[in-house]
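Colleague: Here it is, the structure, as C-alpha cells.
2 protein chains.
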Amino acid sequence: MSRRITWEDAACPIARAADVLGEPWTLLILRNATAGTTRFEDFRAQLGIADNVLTTRLAKLVDRGLLTKLPYRDGGRTRHEYRLTQAGSDALPVLHALGAWGDTHTSSENARGPMKLVHTRCGRLTRPGAKCDNCGKPLARDDLAWRGSWLGDGEIPLADPVG
Amino acid sequence: MSRRITWEDAACPIARAADVLGEPWTLLILRNATAGTTRFEDFRAQLGIADNVLTTRLAKLVDRGLLTKLPYRDGGRTRHEYRLTQAGSDALPVLHALGAWGDTHTSSENARGPMKLVHTRCGRLTRPGAKCDNCGKPLARDDLAWRGSWLGDGEIPLADPVG
DNA sequence: GACCTGGCTTGCTCATTGCAAGCTAGCTGA
DNA sequence: TCAGCTAGCTTGCAATGAGCAAGCCAGGTC
C-alpha cells in the first residue's frame, strides 16, 4: 500500500494548510489566479502543467473552497471559469511570504529583480502588511498590484474574490 | 518521460520557493525543525514519514541551504543532526502565514483551538509581525514560542539557526 | 561475542506525474 | 451542410515518486 498521506484532519493548522497548498502546482495555480487567470486553457498555457494534473488540482481547490467554478458567456455559449473565493484570496500572505523568502534565499539567471507590490492608490511600492509603507493608508486588496519578475514589466492588479 | 518539473530556475521567486517548500512533507519537516527537532529518528517518529522519503527531503533541504548537517557526540560516538540555517529560519513567516490560513479556513475534529505565538519576554500572546501586540517591543526570534495545537499544552521555543 | 540503536539504502508495489491522443458541445466559415 | 476549431476534460501509457518492509553498518552496551 502506498496511498499518499492526507493532513486534512491534522491537529495542526500548518499541516491542514499544507495538505492543499503543499502539493506541486497548487501554489502556482493560486499565484496565477491571484494575478487574474480564470480559465483552464490559460492556466495550462501559462504554467505548462499537464491537463489531467490541472483538472485534479482545480477540482481539489474548488473542493477545499479556494476557488469556485462559475459559468460565463463566451460568444453565444456557456463556459466555466475558476474564480478566487475569500479563502483563496486569503492565501495572499502565504504567496507573499514565499515570494519574500524566494527573493532573499534563491536566485536564478532568469530572474529580473524581485517581485514588487504596488499600492495603486498612492502609486508607490510597499511591503505586504496592514498599511502602506509610503502613504500609511490601510492596504486594501483592491488597491494592490504586482509588478516585475515573472509578470514582465506590466503592473497586474490582484484579482477580486467573488461573493 | 515524466520527470517532475523543477522551478529552481524560474523567473518568479514564488515559484523558486515553491520548488523546495511546495513538496509534500517539506513544510512539516521545517515546522518540526523550527520546533526544535534535529535528528533523523525524531523526524521519522514525529511525522510518520517513510525513511527513504525523509532521506531525500533532508538532503534537498541541506542542498538548498535551509538545513545544515552537523556532527554531534552521542555517548562516545559521532552522529549527525540537522539544524536550521538562517535561510531555514527565515521560512518562519511562511509557516505562520500557512498557520493563519489553516486556522481560518480549515477545521478538524482533532484541532484543539488555533496555534498561538507567545512573546516569552512579556509572556503574552501576539500575532506574527515586527512588534509584540502586547508590549510593543520588537519580536526577536529568541523571544518567541509556539503554544497549543499539535504541540500539546506545552510551550515550545523556536529553534535558533546555526551560524 | 550477541545484541542494540541511529541513519541510511535497497527492493517491491502502488500512486501520481508528464505526455499524447481522443472526445464533446457548440460555435465559425464556406 | 458539413468540415474545422476551441475549451475543457478524459483516457492510456511510461517513468518517477511515495509507503512499507527488510537489510546494512558503525560504534556503542551487556
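For the protein sequence lines, the chains are A and B, in the order given. FYI, the numbering for the first sequence is 356 to 518, going by my numbering. FYI, the numbering for the second sequence is 356 to 518, going by my numbering. Virtual Cβ for every residue (Gly too), placed ideally from N, Cα, C. Remember, it's a predicted structure, so these values are computed and weren't measured experimentally.
#1: For R432 of chain B, I'd like the list of residues in its chain whose CB is within less than 8 Å of its CB, leaving aside the five on either flank, ordered along the chain.
#2: Can you name the residues that DSSP bridges to P493 of chain A?
#3: Quick one: which residues of the segment 358 to 382 of chain B get their C-beta closer than 9 Å to a C-beta of chain A? List them in chain order.
#4: If you draw a straight line from the alpha carbon of A455 of chain A to that of I369 of chain B, how long is it in whole angstroms?
#5: May I ask which residues mark the beginning and end of the alpha helix (DSSP H) holding D405 of chain B?
#6: Run through chain A and tell me which residues come within less than 9 Å of T459 of chain B, C-beta to C-beta.
#7: Taking contact to mean at least 3 C-beta pairs separated by less than 8 Å, is the segment 447 to 463 of chain B in contact with the segment 376 to 393 of chain B?
#8: When burial is assigned at 16 or more other CB atoms within 10 Å of the CB, is E378 of chain B buried or exposed?
#9: Return the chain-ordered ranges of every alpha helix (DSSP H) run that is complete within the segment 358 to 442 of chain B and spans a minimum of 4 residues.
#10: So is P469 of chain B in contact with chain A if we call contact Cβ pairs under 8 Å?
#11: Measuring only between beta-carbons, confirm whether L453 of chain A sits less than 8 Å from chain B.
#12: Residues bridged to T481 of chain B by DSSP?
#13: At 8 Å on the CB atoms, spell out the chain A contacts of N465 of chain B, in chain order.
#14: Between the Cα of E396 of chain A and the Cα atoms of A:E436, A:I360 and A:T361, which residue gives the shortest distance?
#15: With L422 of chain B and R438 of chain B assumed to form a contact (beta carbons below 8 Å), what rounded beta-carbon distance in angstroms separates them?
#16: Let me confirm a value: S462 of chain B is counted as buried when at least 16 other C-beta atoms fall within 10 Å, else exposed. Which label applies?
#17: Is P512 of chain A helix, strand or coil by DSSP?
#18: Taking the CB atoms as reference points, tell me whether N465 of chain B and A365 of chain A lie closer together than 8 Å.
#19: Counting only beta-carbon atoms, is R482 of chain B nearer than 8 Å to chain A?
#20: Output the boundary residues of the alpha helix (DSSP H) element that contains L450 of chain A.
#21: Given this structure, state the Cα-to-Cα distance separating T392 of chain A from H460 of chain A, to the nearest angstrom.
#22: Where does the unbroken beta strand (DSSP E) through L499 of chain A begin, and where does it stop?
Modeller: If we stick to the structure as given:
#1: On the second sequence, residue 432 of chain B is found 77 positions in, with the first residue counted as 1. Same-chain partners within the cutoff: there are none.
#2: Residue 493 of chain A sits at position 138 when you count from the first residue of the first sequence. Bridge partners of P493 of chain A: A:K486.
#3: R359, I360, W362, E363, D364, A365, A366, C367, P368, I369, A370, R371, A372, A373, D374, V375, L376, G377, E378, P379, W380, T381 and L382
#4: Within the first sequence, the letter at position 100 stands for residue 455 of chain A. Within the second sequence, the letter at position 14 stands for residue 369 of chain B. Using only the alpha carbons, I get a separation of about 8 Å.
#5: Position 50 of the second sequence, counted from the start, is the residue given in the question as residue 405 of chain B. Before going further, note that residue 405 of chain B is Ala rather than Asp in the sequence given. Note, A405 of chain B: premise wrong, no alpha helix (DSSP H); not H, not E.
#6: Translated into the one-based positions of the second sequence, residue 459 of chain B becomes position 104. Neighbours of T459 of chain B on chain A, chain order: P368, A442 and D445.
#7: yes
#8: Counting from one through the second sequence, the residue named residue 378 of chain B turns up at place 23. Label assigned to E378 of chain B: buried.
#9: 368 to 376, 381 to 389, 395 to 402 and 406 to 418
#10: For the purposes of this step, residue 469 of chain B is taken as residue 114 along the second sequence, with counting starting at 1. Chain A contact via Cβ: present.
#11: As a first step, residue 453 of chain A is located in the first sequence; it is residue number 98 there, counting from the start. It does; some Cβ of chain B falls within 8 Å.
#12: Translated into positions along the second sequence, residue 481 of chain B becomes position 126. DSSP, once it has assigned bridges, lists B:L472 as partnering T481 of chain B.
#13: Position 110 of the second sequence, counted from the start, is the residue given in the question as residue 465 of chain B. Simply D364, A365 and A366.
#14: For the purposes of this step, residue 396 of chain A is taken as the residue at position 41 of the first sequence. The shortest Cα separation from E396 of chain A among A:E436, A:I360 and A:T361 belongs to A:E436.
#15: Looking up residue 422 of chain B in the second sequence gives position 67. Looking up residue 438 of chain B in the second sequence gives position 83. Right, the Cβ-Cβ distance comes to about 7 Å (below 8 Å), so this counts as a contact.
#16: Position 107 of the second sequence holds residue 462 of chain B. By the neighbour-count rule (16 or more Cβ atoms within 10 Å), S462 of chain B is not buried but exposed.
#17: Taking the first sequence and counting its residues from 1, one reaches residue 512 of chain A at position 157. Residue state, collapsed to three classes: strand.
#18: For the purposes of this step, residue 465 of chain B is taken as the residue at position 110 of the second sequence. For the purposes of this step, residue 365 of chain A is taken as the residue at position 10 of the first sequence. Yes; because the gap between Cβ atoms is below 8 Å, this pair is in contact.
#19: Numbered from 1 along the second sequence, position 127 holds the residue referred to as residue 482 of chain B. For R482 of chain B, the answer is no, since every Cβ of chain A falls outside 8 Å of its Cβ.
#20: Position 95 of the first sequence, counted from the first residue, corresponds to residue 450 of chain A. That run of the alpha helix (DSSP H) goes L447 to H460.
#21: The residue labelled residue 392 of chain A in the question sits at position 37 within the first sequence. The residue labelled residue 460 of chain A in the question sits at position 105 within the first sequence. Their Cα atoms are separated by approximately 27 Å.
#22: Position 144 of the first sequence holds residue 499 of chain A. Run containing L499 of chain A: L499 to R502, per the beta strand (DSSP E) assignment.
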